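S.K.: I am attaching a structure below and will ask some questions about it afterwards.
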Amino acid sequence: MVAPNDSPVDESSPSSPEFVDEGPQLTKEEKIKEIDRLMKDGRRAFLLQDFESATENFSVATEYSVSVYGEFAPETFDSHYEYGRSLMQMASFEIENAQAQFDGVNEFLAKKLEERKQKLGATDLNESAIGNPDDVPEEERQQVAEAVETALEENAAELEALAEQKAAETENPDAEEKTAEMETTEAEVSEEKAETGEQEKADEEMANEEEGEVARATCMKQESSQEWDLRRADVLHLLSQLSSLEEKFTDAIESLTEAVELRKKHLPSHDRVTASYLFEIGETWKQADNFLRASEYYALAEVALKDAVAELQKNDSKENEKDIAEIQGMLKEIADLIADCQESAKSHEQQKAAMAKTETPEKVKPPSDDENMEPAKEIAVVRKKRPAADAAEEPVKKAKVDSPTPAGDHPAEEAVTETA
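Mapping the sequence shown onto the working numbering, position 159 (from 1) lands on 334, and the numbers just tick up by one.
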């Protein structure tokens, strides 16, 4: 993106997109006119899902608005918000449409296919004759034979060239080393491209988040009012979508919850945007595998939509009837989602219980007293049963290793115990 940049804002400010300073300088009045034009063009491109063009327009509009009105001025909110929204949509589109990454390959294949068609254009191929070889006229049969012969000659020439190349590589081992070096270089280049792509993606996500944060800060700096509270809710919704793309589900839920509270502060319970935010909270909980919480927020969205139906039924009109039918279709889908989440929650809990049971070690049966009892402990127990007088009369004897104590020196009860 190229645009004049005479913004007084510090270039290190993360909220201001970087531009190349070239082209004529615009006056303040010219920039104001350009902001209006760029915003219109950006919104038109956004509606057409040309998110790249929309992003470029909103980016330049953001630069001009900051240059004219200053950072965090109320007039800069729309450009910051739309710029962040288009960045988010572009990131989401790239994630959901992975095939877009292969556009270059597809263009190359289409070009080659067209070249092939042009080469074959001089040959009149009668497709109706394909099927029974006997039905092919002699003239066409001769053309086919010549084409086959030519193809075989070309194939033989290619095989001969490959054989010569292989022989040269065998004679010259340096050629194999060069080939290996070339393959290594190609792998390094591919890896570098992949890293560059990841870095560009990270930069886009950072720019998106920064624009959203600037828009939120702009709202926070204004006096509290319904207009700015609702704008802040819009920004929080944008930030929640970015968090969901990055799988930061806790941050997404916090942003959406705050957005719901801001809308409830000023709008009735049948507000459909609030209902959509509640539904998105349920979706985010579901992505985080918390099915019970998901079912709770689906139910809250269901209540809000039922209130919306009741409000629409107060005024009979064809337009309202169409809206009612649309909402009732949503209610059926939400009811199915609630039932599915409740069933998934039960299944999830059963799986957790089964895993916990599998991971719990089996309890080891304690050994019996007969298997683990030491003789010395048995002797001590028997001695406790002897009279105190007998214990006092008997002198303490030292155990001899080389001469075992005769059984007669001890009471019969003790000797039996030791033998056991």
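Note that CB positions come from ideal geometry on N, CA and C, so glycine has one too. Please read these numbers as outputs of a predicted model, since none were measured by experiment.
1) In or out: M263 buried (at least 16 other Cβ within 10 Å) or exposed?
2) Taking D515 as the reference, which of E486, Q526 and Y473 has the closest Cα?
3) Can you tell which of K461, A463 and A476 has its C-alpha closest to the C-alpha of T449?
4) How is the alpha helix (DSSP H) around E205 delimited, first residue to last?
5) Just confirm the distance between the C-beta atoms of D404 and H441, as a whole number of angstroms; I'd bet it's less than 8 Å.
6) Determine whether the beta carbon atoms of S444 and A479 lie at a separation below 8 Å.
7) Using CA coordinates, which residue listed in E386, A408 and A427 is at the minimum distance from E458?
8) Relative to the C-alpha of L213, which residue among Q526, E471, A529 and D253 is closest?
9) On the three-state DSSP scale, how would you describe S234?
10) Would DSSP call A266 helix, strand or coil?
11) Which residue marks the beginning of the alpha helix (DSSP H) containing E402, and which one marks its end?
12) Is G245 helix, strand or coil when you go by DSSP?
13) Verify the CB distance criterion: does I499 have a CB-CB separation below 8 Å to chain B?
14) If I measure Cβ to Cβ from R468 and keep anything under 7 Å in the same chain, skipping five residues before and after, which residues do I get?
15) Helix, strand or coil, according to DSSP, for K481 in the structure here?
16) Whose C-beta lies closer than 7 Å to the C-beta of V410 among residues of the same chain, with five residues either side of it excluded?
17) How is H153 classed by DSSP in three states: helix, strand or coil?
18) On a CA-only basis, which of R218, I210, L223 and K215 is nearest V235? Give me that one, please.
19) Work out the CA separation of I513 and E471 for me, nearest whole Å.
20) Count the other CB atoms within 10 Å of the CB of A500; is the residue buried (16 or more) or exposed (fewer)?
21) Would you kindly work out how many angstroms separate the C-alpha atoms of A520 and L222, rounded to a whole number?
22) Spatial neighbours of Q488 within its chain, please: C-beta separation below 6 Å, excluding the five flanking residues on both sides.
23) Rounded to a whole number of angstroms, what is the C-alpha to C-alpha distance between K598 and F454?
24) One question on the structure: do A248 and N232 come within less than 8 Å of each other, judged by their Cβ atoms?
M.R.: This is what the structure holds:
1) buried
2) Y473
3) A476
4) K203 to L222
5) 6 Å
6) yes
7) A427
8) D253
9) helix
10) helix
11) Q401 to L420
12) coil
13) You won't find chain B in this structure, because it holds only one protein chain.
14) W460
15) helix
16) Y256, G387, A390, R391 and C394
17) Because the chain spans 176 through 595 in this model, residue 153 falls outside it and cannot be assessed.
18) I210
19) 8 Å
20) exposed
21) 39 Å
22) none
23) This structure does not reach residue 598, given that the chain is present from 176 up to 595, and the question cannot be answered.
24) no
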